[in-house]
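For the sequence shown, the UniProt record's numbering begins at 1 and goes up steadily by one. Just so you know, even glycine gets a beta-carbon here, dropped at the ideal spot from N, CA and C.
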Amino acid sequence: MTPKVIFFDINETLLDMQAIKTGLASVLNGDETLVDLWFANLLHHSLVDVASGQFHDFIDIGAAVLTMVAHSKDISVDEATAKDIIKQHITRLPAHDDVVPTLKALQSAGVTLVALSNSSKAGLDAQLEFANIKPYFSHVLSVESVRTYKPHAAVYHWACQQANVKNKDAMMVAAHGWDVSGAKATGMQTTFVERPGKMMYPLGLAPDHSIGSLTELIAVIRSQ
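Right, here's the structure in full:
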């Protein structure tokens with residue numbers, strides 16, 4: 001079934017995270033591998049918020065986690081410094097090379113495109129504007145509005161309501177297996193983007209499509 005609305009995850013799926021890896025590594029003794037650990041823990045602790053009935057801004061969680069990762073390697077980073085460096089880099093990420101051609105083609109084909117992110121609304125707007133891709137989206141949705149994080153089912157149901165589409169008529173596109181699995185569980189169609197180093201969670205709900213490049217999504221939509 002051809003989706004009426006396509007929802008896109010933003011960080012890593014559409015935006016290249018290399019700039020923030022370089023920036024955060026500067027306070028982690030230059031070790032970029034620790035940035036991957038930081039991002040994984042950022043996602044983990046956002047779900048700790050969900051499970052414990054709390055909600056903190058994504059950047060605040062990121063800053064807290066950065067201090068924890070640094071501490072685990074005997075590096076001292078205070079939360080204020082961590083927050084400043086995250087804010088400095090997270091809103092200045094370029095889009096992957098395959099993003100604009102894909103969004104442009106899908107928009108020209110009459111498909112409604114929606115940005116759906118765990119980032120704050122202000123942060124998400126800044127990210128999309130810096131990457132010059134905000135005009136392609138009819139809606140820019142942040143989990144801040146529902147005060148819970150993906151992959152909680154409430155986020156996907158709310159997002160579909162905002163776009164006035166039934167879950168079965170919507171598709172979630174993400175480079176994170178947990179995001180794809182979460183959306184699939186709510187009845188949405190799903191596409192996993194195989195960004196370098198990314199793979200589907202083997203025990204998760206299988207995506208409807210798995211693509212090596214975002215441009216392959218154009219053929220996926222045209223074939224339905």
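Paired residues, beta bridge with residue i - DSSP
i, result
"residue 139", "114"
"residue 15", "11 and 95"
"residue 90", "BP columns for residue 90 are empty, so no partner."
"residue 189", "171"
"residue 5", "112 and 170"
"residue 210", "192"
Of the listed residues the options, nearest to residue i (C-alpha basis)
i, options, result
"residue 81", "63, 56, 178 and 98", "63"
"residue 147", "17, 185, 50 and 68", "50"
"residue 207", "194, 18 and 10", "194"
"residue 212", "184, 175 and 190", "175"
"residue 115", "210, 7, 131 and 224", "7"
"residue 3", "203, 163 and 198", "163"
"residue 96", "191, 47, 16 and 221", "16"
"residue 205", "218, 185 and 217", "185"
"residue 252", "70, 53 and 54", "Any property of residue 252 remains undetermined from this structure, which presents the chain solely from 1 to 224."
"residue 103", "125, 219 and 20", "219"
"residue 179", "170, 191 and 169", "191"
"residue 21", "133, 160, 86 and 189", "86"
"residue 224", "169, 37 and 153", "169"
"residue 266", "25, 56, 189 and 203", "Within the shown structure, residues of the chain are numbered from 1 to 224, placing residue 266 beyond reach of any answer."
Rounded C-alpha distance that separates residue i from residue j
i, j, result
"residue 200", "residue 177", "4 angstroms"
"residue 123", "residue 84", "13 angstroms"
"residue 157", "residue 165", "10 angstroms"
"residue 94", "residue 187", "31 angstroms"
"residue 27", "residue 89", "13 angstroms"
"residue 58", "residue 110", "32 angstroms"
"residue 98", "residue 151", "25 angstroms"
"residue 167", "residue 1", "12 angstroms"
"residue 101", "residue 46", "32 angstroms"
"residue 31", "residue 108", "42 angstroms"
"residue 173", "residue 73", "35 angstroms"
"residue 215", "residue 129", "21 angstroms"
"residue 125", "residue 12", "16 angstroms"
"residue 61", "residue 53", "15 angstroms"
"residue 19", "residue 35", "11 angstroms"
"residue 209", "residue 48", "29 angstroms"
"residue 197", "residue 23", "20 angstroms"
"residue 134", "residue 75", "37 angstroms"
"residue 161", "residue 44", "26 angstroms"
"residue 5", "residue 203", "27 angstroms"
"residue 171", "residue 189", "4 angstroms"
"residue 131", "residue 121", "15 angstroms"
Rounded distance between the beta-carbons of residue j and residue i, thought under 8 angstroms
i, j, result
"residue 149", "residue 140", "Not a contact, Cβ separation roughly 17 angstroms."
"residue 142", "residue 117", "6 angstroms"
"residue 67", "residue 79", "5 angstroms"
"residue 112", "residue 145", "Rounded, the Cβ-Cβ distance is 19 angstroms, inconsistent with contact."
"residue 106", "residue 221", "7 angstroms"
"residue 77", "residue 42", "Residue 77 to residue 42, Cβ: 14 angstroms. No contact."
Closer than 8 angstroms to chain C by CB, residue i
i, result
"residue 164", "Given the protein chain composition of this structure (a single chain), no chain C is represented."
beta-carbon residue i near the ligand FMN non-hydrogen atom, thresh 7 angstroms
i, result
"residue 157", "Questions concerning the ligand FMN fall outside what the structure shown contains, since it holds no ligand whatsoever."
Query raised in the report: In chain order, which alpha helix (DSSP H) runs of at least 4 residues are fully inside the stretch 9-88?
Result: 18-25, 33-51 and 58-72
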